[in-house]
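Colleague:
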Amino acid sequence: MEHRLVYGGIAAAAIALAGCHPSEGGSTAVKPPGLPSEGTISQVPLSDFAGIAMSTLGSDIANPYEGQPQAAEDGKRLFVQLNCAGCHLYSGKGSMGPDLTDDFWRYGGTPANIYKSIYEGRSRGMPAWGRALPPEDIWKLVTYIETFGGTVPPNRYQAGLQGDRPNEQVAPEVARALAEETPAVTGPIVPGVPRSAAPMQASDTNAAEQKARNETTNGATPATPPVGADYPSSQPASPGAPSKP
Amino acid sequence: MKRTSAAAALGSLLAAAPALAQPMSYLQTFGPAAHPATVLGWGLGAISLLVMAIIAILVLAATFRPRPRVDPRQLAVTRDAGGTAWIYVGVGLTLATLIGCMVWTMVALAAVVHPPVAPKIAIEVHGNQWWWGVRYRDEDPSRMFTTANEIHVPVGEPVRVEVSSSDVIHSFWVPQLAGKTDVIPGQTNITWLQADRPGTYRGQCGEFCGAQHAGMAIYVIADAPAQFAAWRNAQVEPAPPPTSTAARQGYGVFVARCGACHTIRGTNAGGLIGPDLTHLMSRHTIAAGLLANNPGNLAGWIANAQALKPGSRMPSIPLSGPELGAVVAYLTTLH
Amino acid sequence: MPDIRNTSTHGRFATRAFVAASAALLAVGIVRAQTSGPATPSPSAPPPATSANATAVPGAQLKLNFAPNDPPGEWHSQARDYANTRYSPLDQVTSKNVSELKVAWTFSDGTLHGHEAAPLVLDNTMYLVTPYPNIAYALDLTKAGVPIKWTFEPKPTPLSTGKACCDVVNRGGVYVNGKIIYNLLDDHTVAVDAKTGKEIWRTKMGNPENGETMTMAPFAVGNKVYVGNSGGEMGVWGYLAALDADTGKELWRAYSTGTDEQVKIGSDFKPFYSWMKGKDLGKTSWPPGMWKHGGGAVWTWVSYDPDLKLIYYGTSNPGPRVPAQRPGYNLWTSTVFARDADTGMARWAYQFTPHDEWDYDGVNEDVLMDVTIDGKVRKVLVHFDRNAYAYTIDRATGEVLVAAPFAYLNWSKGIDLKTGMPIVNPAMEPKPNIKLQNVCPPDIGGKDWQPSAVSPQTGLVYAGIFNICMDVTDHPQSYIAGTPYDGMEMQRSPAPGGNWGEFMAWNPATGKKVWSIKEHFMTMSGSLATAGDLVFYGTADGWFRAVNAHTGAVLWSYKLGSGVIGQPMTYLGPDKKQYIAVYSGIGGAAMVSSKMKGFPARGSTLYVFSINGESPHSGTTQLTTEGGAAAAEPDATASGRH
């Protein structure tokens, strides 16, 4: 009788355990929806294309962890653990390395540019982390750097190259030339999927956007930021808070 | 009879895991940090069963006690004599038993809280998601060392364990040696354990801590004192430099690709994010008890950690075939 | 508690008495709490001098150790001489006429990083070494306009600029046997022919990919040149090496951590205090393996006693800057070494801050002098340490004779002269991830590398010092080669008084400050003492001052184009007139105060002063330049304040 009891118990346990399968990743595992391929990122240029910037590569690639507080937290932990804070300081203000909180970026301030700088390293002593870190970790660092408030939204990639600032006026001649030469930035940003080129709307000089920009730099935060949001407000965001709701 | 068959069945279920550990059962313990509590547990269990048996007998006796025939025309209620004695006896016995159990419990608690003698060995255990960092302290700083997921202790000697967490709350639990001690960030909790028999004792995180809470095992291996001293001396040494071509190549790949997170003492790899690997091959398991430590599992873990332990902080590293072979060749020299 | 409902007389009296007593006690308690106050750090009282008979040294009794046969109008090395006196016997400019000092000529070297070096002058030529990219210039002092004789562009790698913790500075060159020898940021030592500007040899001393750089000025004794590395914040393996001045070949290298063999400790080694006695302490005073990245970089000054034939220098802080990661004394960091100048074998050592927890490097200069203590003349070295204690140490044996605070401190309650150990204040020991407030001095110390000067006329040592504290949080660090191995998160602020800097005169026999001048900004320039009873120094906001060496009265202040962190020097021009030269170009570690109101912009200009500004390089007719070479055009990409 005892043996039957034991075998029955084993059978029951086996059936119960068969129902288990390994977890797909729980609440603490932050899986990105889909990482841009490294090939795509390596094609983002550091400078402008010969023949005036006709590429949207810099603006196509969004941060897959955009706005995720957990990713920003993980990025902050990595920022300290990988000694980034040693050169860029815990405040991000920089001493040996440049300031990451202001809106001046030597090598571009969009998420893709920052990813590139971390991945490839830079000639004045920024180490090349690409081989030492998996892509998720680099994107998490990018997410954390975004919380400093100085980064550039992907659709302002061109504007960043050209030194544009919020609140600036664009002379009509220049706006016309840009409209003819540059493809528009429209539609939602999907990681890794290039957007089709379309003639530029006057979206950069759109009055509503201009007004929203004015409001932002005057300190009043708009209730909902416009689609394809502008540069962050002139008040730096406090570290740890995602730059976009 | 029953118990040994059940144990054998349990043992066969655990055959997938390294088949060298005692089953993780708190019903049988092997050290003074847990033994008094286990004995108390069995004792209280036995007393409860006895009490249950006595009560059951009394209830059954009372139920099936032969009653004298009663003339229905007479009053049903008759004066019954002699029942109060049962009450006095019952209350008295119960009181005595309960007081006895209380005293026994206090004694057992006192016994497990403090080691009988001041421990000569102190270990820091750091809970991380989802692995254990272990640091052996010493008065001589050049004899301190760090390892992971496996603790060695000398048989018969108490060991002081200071637990702290890098992230969330875990719990340090080696059931055959001691009770659970919570591992709380921002705080160092102190516990102790002692193994009175040589062998391997499996422990586990006892506080839900995230996706791989179930994959956070720890092994305590009790060695004879001479063996323990030899192990300890070996752990203090830095990793031997690689000699074969493959190992040297693997060393280069390791420092570049893994060094930001892992430490191998004696090399340029000094990362603190993941476990210390200086004497990786002296450990019986990898991935906090998930896999047996052998070259095949090492390769599989490096290449595809996310499939084996999804959500863990170890990423799957896209190495080419030769690179992976070289890294494994190097890692397997780290005795 | 008396029953307050009791209405009897006795009860009421008892109640009132109780209430009165409680109120009184409460009042006393409040008053005492106010007076004991929040935990404001109080400076430790300076321990008394070792002997009641220690007296201020009359000038005539102070013997200094000059380099032999250097003409008084020349300047061959950064410290002027073996003893590191930075004292010039020139006396044309005196406390009487210094108010007539004016700019005679200026020279811009085209680089905008921190200028920490002093020019060298010999053979009527001035030699300059710039911060990165480490250009060397020779200027012809005999011709109008001080034209460039030659320019030497070594072109160090830009990778090294990302590995220098505290700006890409250079502390100058040294003249040896017809060569100007100096270090490049990317770990090369280079020798340039002083007449032609051609490179004679270049020796690779380290690998910048490991986080190592070189910023110190080489020090020469005879035909040997001593050089060391920088990188105590980058987990480097610190060392001092000796090179042959003619060939650049490395003769020996003494590391600052590791086995006795690596540290060049042998049977001649006789430290004075017990915790430095033992075998392989440079390895056993660390957790296993951590000595290899333990710092101990040698990035400032070396001095030499030609009688004892010993060189003296200090080592940097231990790495990482998180003490919890490295229990043990962490020898031989924060230590002064006395070594045989020929063989490099250590004779004695003294660790200023065992198991340093605050980044108190031991690298500040050791000024050699003979001082009367207890009626006896002692051969000593005087050292103002980062830990804010001023030490007078017997330079033959390593015995500490005097150790007294010269700046605001609360990390320690004193130095026990019997054991040589500091008495650490446990409340000021940082623990990981916990913010510790108001630790004084901060990482940059009560005084940093800026060198002091000594005057034989007054017997006093003059130095720019700091008055700063920090809030610090330690974060445990991984070692990743080429990245910082640091971990200190800090906010710095001035100590009580509100002034960041101070310039002081110090009596090394008694351990007392004789006079001091408070400065709002950091005083991070070197000091210069002259026989004209003058001391010169500069401030971070650009003031260059001349002070009466006896009284501390400021006799002359001149505003330069940028802040002064360089070392002033003085020389005789071809016209036999005395000139005083100093660089202005803020940078270096003074950038910690860069957000102060009035903080200057970067600069690159050498200022040369003379009485009334007179010199052959200005006049009333059209003067023209006949140069030998053009200036360098360094890669001038603006990099902001770093």
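Chains W, S and E are the protein sequences, given in the same order.
First residue of the first sequence: 0, per numbering that gives the first Met the number 0; consecutive thereafter.
First residue of the second sequence: 0, per numbering that gives the first Met the number 0; consecutive thereafter.
First residue of the third sequence: 0, per numbering that gives the first Met the number 0; consecutive thereafter.
Even glycine gets a Cβ: it sits at the ideal position worked out from N, Cα and C.
For clarity, every value in this text was computed on a predicted model and none was experimentally measured.
1. Leaving out five residues on either side along the sequence, give the residues of the same chain with a beta carbon under 6 Å from the beta carbon of Thr352/E.
2. What three-state label does DSSP hand Gln67/W in the structure shown?
3. Verify the CB distance criterion: does Glu135/W have a CB-CB separation below 8 Å to chain S?
4. By the criterion of Cβ-Cβ separation under 8 Å, what are the contact partners of Ser163/S in chain E?
5. Between which two residues does the beta strand (DSSP E) harbouring Leu119/E extend?
6. DSSP three-state label for Val563/E, please.
7. Looking at the structure shown, is Asn148/S part of a helix, part of a strand, or coil, going by DSSP?
8. Determine the closest residue to Ile46/S out of Val235/S, Trp300/S, Phe29/S and Trp103/S, with distance taken between C-alpha atoms.
9. For chain W, is any of its Cβ atoms less than 8 Å away from the one on Ser43/E?
10. Express the C-alpha separation of Gln80/W and Cys86/W in angstroms, rounding to a whole number.
11. At which residue ranges does the segment 169-206 of chain E contain complete beta strand (DSSP E) runs of 3 or more residues, listed in the order of the chain?
12. Which residues in chain E sit within 7 Å of Gly270/S, going by Cβ to Cβ distance?
13. Please report the distance separating the alpha-carbon of Ala236/W from that of Ser561/E.
14. If you pair each beta-carbon of the segment 187-203 of chain S with each one of the segment 28-36 of chain S, do three or more pairs fall below 8 Å?
15. Mind checking whether Ala406/E and Ile479/E have CB atoms under 8 Å apart?
16. Who does His169/S pair with in a DSSP beta bridge?
17. Output needed for Trp555/E: all residues of its chain with C-beta closer than 8 Å, excluding positions within five of it in sequence on either side, in chain order.
18. Which residues in chain S have a C-beta closer than 8 Å to the C-beta of Thr283/E? List them in chain order.
19. Do you know how far the Cα of Val69/S is from the Cα of Ile54/S?
20. Give the secondary structure of Gln83/W by DSSP, where H, G and I count as helix, E and B as strand, and everything else as coil.
21. Just the chain S side, please: which residues come within less than 9 Å of Ala131/W by C-beta, in chain order?
22. Please state the DSSP three-state secondary structure of Glu356/E.
23. Need the endpoints of the beta strand (DSSP E) that Leu97/S sits in, please.
24. Against chain W, with Cβ distances strictly below 8 Å, would Pro314/S count as a contact?
25. Measuring CB to CB, does Ser229/E end up less than 8 Å from Ala163/E?
26. Return helix, strand or coil for Asn112/W, following the three-state DSSP convention.
27. Which same chain residues end up closer than 8 Å to Gly258/S when comparing Cβ atoms and leaving out the 5 residues on each side of it in sequence?
28. Whole angstroms is fine: what's the gap from Ile150/S's alpha carbon to Thr190/S's?
29. For the beta strand (DSSP E) containing Asp243/E, name the first residue and the last one.
30. Would you say Leu140/W faces chain E, with C-beta separation under 8 Å as the test?
31. Could you name the residues that DSSP lists as bridge partners for Gly313/E?
32. For Asn267/S, decide whether its Cβ has a neighbour in chain E, counting only Cβ atoms nearer than 8 Å.
33. Using a Cβ-Cβ cutoff of less than 6 Å, which residues in the same chain neighbour Val471/E once the five nearest sequence positions on both sides are dropped?
34. Using a Cβ-Cβ cut-off of 7 Å (strictly less than) and excluding sequence neighbours within five positions of Tyr303/E, which residues of its own chain qualify?
35. Excluding five sequence neighbours on each side, which residues of the same chain lie with their C-beta closer than 8 Å to the C-beta of Asp69/E?
36. Using 8 Å as the limit for Cβ to Cβ distance, is Pro326/E near chain S?
Modeller: Answer, in terms of the structure:
1. Residue mapping note: residue 352/E aligns to position 353 of the third sequence, counting from 1. Apart from the 5 residues on each side of it in sequence, Thr352/E sits with its Cβ closer than 6 Å to the Cβ of Ser333, Tyr359 and Asn386 in its chain, given in chain order.
2. Reading the first sequence from its first residue, position 68 is the one you call residue 67/W. The DSSP-derived three-state label of Gln67/W is coil.
3. As a working mapping, residue 135/W is identified with position 136 in the first sequence. Chain S contact via Cβ: present.
4. Within the second sequence, numbered from 1, the residue matching residue 163/S stands at position 164. Per Cβ cutoff of 8 Å: no residues; Ser163/S is ~10 Å from chain E at best.
5. Sequence index remark: in the third sequence, residue 119/E carries index 120 (1-based). Leu119/E -> beta strand (DSSP E) spans Leu119 to Leu121.
6. One-based indexing of the third sequence puts residue 563/E at position 564. Under the three-state reduction of DSSP, Val563/E is assigned to coil, being neither helix nor strand.
7. Start at 1 with the first residue of the second sequence, and residue 148/S comes out as number 149. If DSSP states are grouped into helix, strand and coil, Asn148/S belongs with coil.
8. Counting from one through the second sequence, the residue named residue 46/S turns up at place 47. The residue with the shortest Cα to Cα distance from Ile46/S is Trp103/S.
9. For the purposes of this step, residue 43/E is identified with residue 44 of the third sequence, where counting begins at 1. With a pLDDT of 39 at Ser43/E, under the threshold of 50, the modelled position of that residue is not reliable, and the figure given next carries that caveat. It does not: the Cβ of Ser43/E has no partner Cβ on chain W nearer than 8 Å.
10. Locating residue 86/W in the first sequence gives position 87, where the first residue counts as 1. Locating residue 80/W in the first sequence gives position 81, where the first residue counts as 1. As the crow flies, the alpha-carbon of Cys86/W is around 13 Å from that of Gln80/W.
11. The segment 169-206 of chain E is shown to contain whole beta strand (DSSP E) runs of 3 or more residues at 173-175, 178-182, 187-192 and 198-203, in chain order.
12. On the second sequence, position 271 is the one that residue 270/S refers to. Correct list: Ser477 and Ile479.
13. The residue you call residue 236/W lines up with position 237 of the first sequence. The residue you call residue 561/E lines up with position 562 of the third sequence. For Ala236/W, the predicted structure reports a pLDDT of 37, less than 50, and the residue's modelled location is therefore unreliable. A value from the coordinates is still provided. Note on geometry: alpha-carbon atoms of Ala236/W and Ser561/E lie some 33 Å from one another.
14. Yes, the segment 187-203 of chain S is in contact with the segment 28-36 of chain S.
15. Indexing the third sequence from 1 puts residue 406/E at position 407. Indexing the third sequence from 1 puts residue 479/E at position 480. Judged by beta-carbon spacing, Ile479/E lies beyond the 8 Å limit of Ala406/E, meaning their Cβ atoms are not closer than that value.
16. Along the second sequence, read from residue 1 onward, the residue named residue 169/S stands at position 170. Among the bridge pairs identified by DSSP, His169/S is matched with Val182/S.
17. Here residue 555/E refers to the residue found at position 556 when the third sequence is read from its first residue. These residues qualify, in order along the chain: Val97, Ser98, Leu100, Arg544 and Ala545.
18. Numbered from its first residue, the third sequence carries residue 283/E at position 284. Those are Asp139, Pro140 and Ser141, listed as they occur along chain S.
19. Here residue 54/S refers to the residue found at position 55 of the second sequence. Here residue 69/S refers to the residue found at position 70 of the second sequence. Near 28 Å, if we compare the C-alpha coordinates of Val69/S and Ile54/S.
20. Numbered from 1 along the first sequence, position 84 holds the residue referred to as residue 83/W. According to the sequence shown, residue 83/W is Cys rather than Gln. Correct three-state label for Cys83/W: helix.
21. Within the first sequence, numbered from 1, the residue matching residue 131/W stands at position 132. Within chain S, the C-beta atoms nearer than 9 Å to that of Ala131/W come from Ala255, Arg256, Cys257, Gly258, Ala259, Cys260 and Gly270, in chain order.
22. Within the third sequence, numbered from 1, the residue matching residue 356/E stands at position 357. If DSSP states are grouped into helix, strand and coil, Glu356/E belongs with coil.
23. By 1-based counting over the second sequence, the position of residue 97/S is 98. First-last for Leu97/S: Gly82 to Val112, but that is the alpha helix (DSSP H), not the beta strand (DSSP E).
24. If you number the second sequence from 1, residue 314/S lands on position 315. Closer than 8 Å: yes.
25. Within the third sequence, the letter at position 230 stands for residue 229/E. Within the third sequence, the letter at position 164 stands for residue 163/E. In this structure, Ala163/E lies closer than 8 Å to Ser229/E by Cβ.
26. Here residue 112/W corresponds to residue number 113 of the first sequence, with the count starting at 1. Residue state, collapsed to three classes: helix.
27. Translated into positions along the second sequence, residue 258/S becomes position 259. For Gly258/S, the CB contacts under 8 Å within the same chain, skipping 5 residues up- and downstream, are Thr266, Asn267, Ala268, Gly269 and Gly270 in chain order.
28. Indexing the second sequence from 1 puts residue 150/S at position 151. Indexing the second sequence from 1 puts residue 190/S at position 191. The alpha-carbon atoms of Ile150/S and Thr190/S are separated by roughly 14 Å.
29. As a first step, residue 243/E is located in the third sequence; it is residue number 244 there, counting from the start. Residues Tyr238 to Asp243.
30. Position 141 of the first sequence, counted from the first residue, corresponds to residue 140/W. At a cut-off of 8 Å between C-beta atoms, Leu140/W does not count as an interface residue with respect to chain E.
31. Looking up residue 313/E in the third sequence gives position 314. Per DSSP, Val335/E.
32. Position 268 of the second sequence, counted from the first residue, corresponds to residue 267/S. Yes - at least one Cβ of chain E is within 8 Å of the one on Asn267/S.
33. The sequence position of residue 471/E within the third sequence is 472, counting from 1. Here the set comprises Pro429, Leu435, Val438, Met487 and Met489.
34. By 1-based counting over the third sequence, the position of residue 303/E is 304. Spatial neighbours of Tyr303/E in its own chain (CB-CB distance under 7 Å, excluding positions within 5 residues in sequence) are listed in chain order as Tyr81, Val220, Ile310 and Ala340.
35. The residue given as residue 69/E occupies position 70 in the third sequence. Within the same chain, and ignoring the five residues on either side of Asp69/E in sequence, the residues whose Cβ sits closer than 8 Å to its Cβ are His75, Arg79 and Asp80.
36. For the purposes of this step, residue 326/E is identified with residue 327 of the third sequence, where counting begins at 1. Residue-level contact by beta carbon holds for Pro326/E and chain S, with a gap shorter than 8 Å.
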